[in-house]
Structure formats: C-alpha cells, structure tokens
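So for the sequence shown, the UniProt record's numbering puts the first residue at 1; every next one is plus one. Ideal placement from N, C-alpha and C gives every residue a C-beta, glycine not left out. Note that the structure is a prediction, hence the values are computed from the model and not measured. A quick write-up on the structure given underneath.
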Amino acid sequence: MMGNVKKIMYCEGNTDGTVGGSFYSLLYLTSGLDRTKYDPMVVFHDEHSLLPEYQKAGVKTLIVPPYKPISLVSDNKYLARLKTIFTILQKPVNLLGYLLVSSIRKKRLLIKNNIDLLHLNNSVLRNNDWMIGAYLAGIPCITHERGINDRYPLIPRLLAAKLKAIISISKSVTETLKRNGVTNENIVTIHNGIDPKAVSEKITNQDILEKLGLNEDQPIIGVMGNIREWKGQEVAVRAMRKIVDEYPNTVCLLIGDTAKEDNYYKDRLHVLIRELDLESNIIFTGYINNVSDYLNILQIVLHTSIKPEPFGRVLIEAMSLSKPLVAAADGAVPEIVVNEKTGLTFTPGDHECLAELVIKLLQDKQYAENLGKAGYKRLLDYFHINVNVEKTQLLYDKILLNQI
C-alpha cells in the first residue's frame, strides 16, 4: 500500500444537459474507492441533479464551465465582405483556443489542487484539453472509453497514444478502438458495475402507479434511457401495437430525459404513437432521479438500441432487481445478457420479434421470473461494483507506482 493518500481528479465531459449513465458509473466508482488510499474530486461542467448524491457519498465536486468557442462572424454590414474569411478562420482559431488556452487553464487547475492522477470519464474524443493540461503538468492521465464511435480523428488518436491507460467498458468497445486505429499499450476492459443493495425503493410502487394513473393488475413494460434516436424507443413503440392486440391494457413507459437536440425525435415518436392509436398505452415519464423505483414497477425491462450498445447500464440495473430482460443483441449486450438463460435477445430494430418475446414472457410468468433470478446471479458474479472498483484501483496502483 502507498504511504500517503493520492488525490485523483475525475472529469465528466458531458455538456448536453442530460444526466446519463456515465454520471451514475462515476458516482458508483468514486463512492466505492478506498479512502485510505484515494481522495476523489469530480469536475462537472454544470450543476445537475446528482450533485447531492456525490456530496452524500463524501465526494468533493467542482464546477468548471467548458471552453466556449468564439464567433468571428459578425452581422456588421461593414464587415459583411469579410464573412467568408472569418468563417474559414473561425475553426482553426477555436481549435487553437481549445488545445492551447483551455489546456493551460486545466494545467493550472490540476497543479493548484495537487492532483496525483487525472481520470477522464468519457472518451478519447472528449476532454482533449484536459489530456494536454495533464501532460503539461506532468500528471499521469487515463480516460474511460464509454462509446462505440464510427471514427477517431487524428488529434484524439495521437493524444490517446500518450495516455497512461484507456479503460474500455466492454470487449466490444475495445475491439472498436483497435479497429479504428486507437493505439495504446494499456487498453484495459473493465465492465461497469453496480451495488444491488443500493438499488432500492425510495417510494412505494403504489405511489408511482398512482402518479402515472396505472394499477398493479395491468402489464407494465418499459425502456429506460434518455430519449435519443439510437436508443431505439421507436422500436418499442412499433412493438406495442402487436403487444396491445394481445394484451390491450399493457402500458409501456419511456423513462428518460430529452436533450434539446433530440426533441425532433420525441416529436416523431408522438406522431407515431397517434398513428398507431397507442396514446393510452405509452407514457413519457421525462427525467426521473429515482431510477430503481420506476424499474421496480416494470414486469419486463426492454433494451431497444438500434446501434451497437457500448455497455447498457440499464441492463445491470434491471438485473439487480431480478427483472426479466428483452435486449437488442449488439455491441456489449451479449457480454451481459445470456440469451434464453438470463434474458432474451433480438436483432436490433426488429419490432416484430421484440413484440413476440414480450408476449412470450407475459404468457409465461414463471419463465420470466426464472430469467430474472438468473440475471441477478450473473450480476453478482460479473457486474458487482466491488469487481469494478477493485480492478480500477489495481490500475491506479500500477500507474502511481510507475509500473506502467
């Protein structure tokens, strides 16, 4: 064990205003750290609803606004002729500002807080100014890679190669990084984790049912996740037409927030719901901070992403409550859900198959219950937060002891 407590700064790079899985993953990790060895501080770009949970866990937080690009384009009529030139210059000027000015600010912040290790929470595509700032400060830096991306531009790839390590949240993510030319000697796969004891009810099922105008006798299924096109809520909506034909009082909850840039998709879903005559069968809950309470009222949890899922935190949240899962089999999902043993999987986008699998579980409640129990056991063996924290701390030790 190291002789003194090491200060680790974490940075959450999300700037779209929504609180997603990366916020929760970071909360669970920092809450579980051995405080005799590590002193965590988490940087966010803005205030958000989970801050009290971090503070309750004794994790220091800091708000640092992100770099704001400047606009060189002016409406001034005397400068109108120069608009094209300013537009061309704007991108390199902002890139220089981000990679130089913002990086120097991050360097100063790291030194001011006596940070021993910087852990970025999102992707090699984000927080590049933090990476450079850490390099300038002589502080080791690692990043999580939580996404499956189509391409990795040159600058992030160059910076990724200089990091002490990259923590990939699934084998699927690791394969994507390597396939896209992201080279680093220490790409480590550490699955997200959760403490099932922490996933407990804050309010009763009856309270939520009353709030939603539902009753415990009707089938309730749902999709948990921010309303985004790639999350595939449309697949669930289309599947509901067939499900409702078999079980007319079934309700599907679409649980999650919607960022401004995704309002077009939510509007499209509303139109589709009207066209399929499902207004009384589908409910948008909006943002909720008591995730487990809403999951707990679901008889079946749906995962409907139409693109490869980097991990899918909702999967292990559902498993922690022994809920039967029906999930789109792409990305990391097959690493988590064992088809027909701990859940059921279907081809992404296939709403007909999704409907059939849901109907199967509604018809055979014992089978559904058995899947849920098997999922819970798999969670304890592979996706408990203790496993995640232990592997992450082992990586910290190697870095801080200059073993990698």
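> residue 464: buried (16+ other C-beta within 10 angstroms of its C-beta) or exposed?
Replying inline: An answer regarding residue 464 cannot be provided, because it is not within the stretch 1 to 404 covered by the chain.
> Does DSSP put Val124 in a helix, a strand or coil?
Replying inline: Val124 falls in the coil class under three-state DSSP.
>> Taking 8 angstroms as the limit between beta carbons, can you name the residues of its chain near Glu373, skipping five residues before and five after?
In response: Rather than Glu, the amino acid found at residue 373 in this sequence is Lys. Answer for Lys373: Ser322, listed in chain order.
>> With DSSP as the reference, identify every bridge partner of Gly286, one or two as the case may be.
In response: Gly286 pairs with Ile255.
> Can you list, in chain order, the residues of its chain whose CB lies under 7 angstroms from that of Met2, leaving out five sequence neighbours each side?
Replying inline: At Met2 the pLDDT is 48, less than 50, meaning the model places this residue with poor confidence and gives no usable figure here.
> Taking the C-alpha atoms as reference points, what is the distance between Arg313 and Leu50?
Replying inline: Each residue's alpha carbon lies about 16 angstroms from the other.
>> I need the straight-line Cα distance from Leu278 to Gly21, nearest angstrom please.
In response: For Leu278 and Gly21, the distance between alpha carbons rounds to 29 angstroms.
> What is the residue span of the alpha helix (DSSP H) that Ala400 lies within?
Replying inline: The amino acid occupying residue 400 in the given sequence is Leu; Ala does not appear at that position. Counting along the chain, the alpha helix (DSSP H) containing Leu400 begins and ends at 385-400.
> Touch check for the stretch 383-393 and the stretch 355-362: three-plus C-beta pairs under 8 angstroms?
Replying inline: As far as the Cβ criterion goes, the stretch 383-393 does not touch the stretch 355-362, which means the pair count is below three.
> Starting from Thr250 and walking both ways along the beta strand (DSSP E), at which residues does that stretch end?
Replying inline: Segment: none, Thr250 is in no beta strand (DSSP E) and carries neither H nor E.
>> Taking the alpha carbon of Ala31 as the reference point, which residue from Asn296, Tyr247, Lys56 has its own alpha carbon closest?
In response: Here residue 31 is Ser; the residue named in the question, Ala, does not match the sequence. Here the closest residue by C-alpha is Lys56.
>> Taking the alpha-carbon of Val326 as reference, which of Pro348, Ser170, Lys307 has the nearest alpha-carbon?
In response: Closest option to Val326, Cα to Cα, is Pro348.
>> Please classify Asp39 as buried or exposed, where buried requires at least 16 other C-beta atoms within 10 Å of its C-beta.
In response: With 16 or more other Cβ atoms within 10 Å, it is buried.
> What's the C-alpha gap between Glu275 and Glu261?
Replying inline: If you take the alpha carbons of Glu275 and Glu261, they lie about 24 angstroms apart.
> With which residues is Leu118 paired in a DSSP beta bridge?
Replying inline: Answer is Met9, Cys141.
> If you draw a straight line from the alpha carbon of Asn386 to that of Ser170, how long is it in whole angstroms?
Replying inline: Asn386 and Ser170: Cα-Cα distance of roughly 17 angstroms.
> When we look at the beta-carbon of Ala198 and count the other beta-carbons within 10 Å, is it buried (16 or more) or exposed?
Replying inline: Exposed, by the Cβ-count rule.
>> For Val337, which residues in the same chain have their Cβ closer than 7 angstroms to its Cβ, ignoring the five residues on either side in sequence?
In response: Closer than 7 angstroms at the Cβ level, and outside the excluded window around Val337, lie Leu315, Leu325, Ala327, Gly343, Thr345.
> From Gly225 to Leu117, what distance separates their C-alpha atoms?
Replying inline: Pairing Gly225 with Leu117, the inter-Cα distance amounts to about 31 angstroms.
> If you compare alpha carbons, which of Ile243, Leu254, Leu158 is closest to Lys231?
Replying inline: Among Ile243, Leu254, Leu158, the Cα nearest to that of Lys231 is on Leu254.
> Can you give the beta carbon distance from Gly222 to Leu269, rounded, assuming they're within the 8 angstroms contact cut?
Replying inline: That pair is no contact at about 14 angstroms.
> What three-state label does DSSP hand Lys60 in the structure shown?
Replying inline: Here DSSP, grouped into helix, strand and coil, assigns Lys60 to strand.
> How long is the line joining the alpha carbons of Ile132 and Leu99, rounded to whole angstroms?
Replying inline: Approximately 7 angstroms between the Cα atoms of the pair.
>> Which residue wins for smallest C-alpha separation from Val43, given the options Leu29, Met9, Gly58, Pro69?
In response: Minimum Cα distance to Val43 is reached at Met9.
> Hey, out of Arg35, Gln218, Glu369, Asp330, whose CA is closest to Thr250's CA?
Replying inline: The shortest C-alpha separation from Thr250 is found at Gln218.
> Which full runs of the alpha helix (DSSP H) of 4+ residues lie inside the stretch 261-339, going along the chain?
Replying inline: Residue ranges of uninterrupted alpha helix (DSSP H) with 4 or more members, entirely inside the stretch 261-339 and ordered along the chain, are 263-275, 291-296, 313-320, 333-336.
> In or out: Val237 buried (at least 16 other Cβ within 10 Å) or exposed?
Replying inline: Per the 10 Å Cβ criterion, buried.
> Among Ile300, Gln233, Ala161, which one has its Cα closest to the Cα of Lys307?
Replying inline: Taking Lys307 as reference, the option from Ile300, Gln233, Ala161 with the minimal CA-CA separation is Gln233.
> Taking just the CA atoms, how far does Asp364 sit from Gly375?
Replying inline: Cα to Cα, the separation comes out at about 17 angstroms.
>> Relative to the C-alpha of Gly13, which candidate in Leu27, Asn370, Val291, Ser123 has its C-alpha closest?
In response: Nearest to Gly13 by alpha-carbon distance, out of Leu27, Asn370, Val291, Ser123, is Ser123.
>> So, at 6 angstroms on beta carbons, what are the nonlocal neighbours of Val64 in its own chain, with the 5 sequence-adjacent residues on each side left out?
In response: The residues are Val43.
> Mind pulling the beta strand (DSSP E) runs of 3 or more residues that sit fully within the stretch 177-225?
Replying inline: 187-189, 220-224, all fully within the stretch 177-225.
> Going along the chain, which residues of its own chain have a beta-carbon closer than 8 angstroms to the beta-carbon of Asn215, five neighbours each way excluded?
Replying inline: Only Leu209 meet the Cβ criterion.
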